[in-house]
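A.B. asks: Take 67 as the starting number for the sequence shown in my numbering and just add one per residue.
Here you go, one structure.
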Amino acid sequence: ANDHLYGDNGTNVGDILNGGEGNDYLYGGTNTGGWAERDQFVFDADWGADRIFDFADNSFEKIDFSSIAGITQRSDLTITDGAGYA
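The structure is reproduced here in structure tokens:
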């Protein structure tokens with residue numbers, strides 16, 4: 067399905083968002099309270115043309131493709147950054 071998934075805003079923990087199959091929109095949330103954003107965006111087999119919104123370029127945020135055969139490094143992906151979204 068084409069899902070819109072939103073992480074929890076205003077908590078002291080990160081989110082794990084897994085859209086499953088389809089073309090999904092993933093929003094990590096802001097995670098206030100003194101913590102840096104610590105969201106994990108997990109992709110499984112049969113993922114579609116998914117979009118990640120609110121990805122923070124820090125050492126805590128993660129995009130996980132570990133269960134996808136054939137993706138072993140960043141150059142295996144096509145990543146675009148448009149209007150502040152990747």
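For every residue, glycine included, the Cβ atom is placed at its ideal position computed from N, Cα and C.
Note that the coordinates shown come from a computational prediction; the quantities given were computed from them, not determined experimentally.
Just verifying my parser: in three-state terms, what is the DSSP assignment at D130?
C.D. replies: Indexing the sequence shown from 1 puts residue 130 at position 64. Strand, per DSSP.
A.B. asks: Give the single residue among F107, G136 and T146 whose Cα lies nearest to the Cα of F126.
C.D. replies: Along the sequence shown, read from residue 1 onward, the residue named residue 126 stands at position 60. Among F107, G136 and T146, the Cα nearest to that of F126 belongs to F107.
A.B. asks: For D120, does the count of other Cβ atoms within 10 angstroms reach 16, so buried, or fall short, so exposed?
C.D. replies: Position 54 of the sequence shown holds residue 120. Answer is buried; the Cβ neighbour count reaches 16.
A.B. asks: Just tell me which of G148, I137, D147 and S141 has its CA closest to the CA of W113.
C.D. replies: Taking the sequence shown and counting its residues from 1, one reaches residue 113 at position 47. That would be I137, whose Cα lies nearest to the Cα of W113.
A.B. asks: Check this for me: beta carbons of D110 and S133, under 8 Å apart or not?
C.D. replies: The sequence position of residue 110 within the sequence shown is 44, counting from 1. The sequence position of residue 133 within the sequence shown is 67, counting from 1. Yes, the Cβ-Cβ distance between D110 and S133 is below 8 Å.
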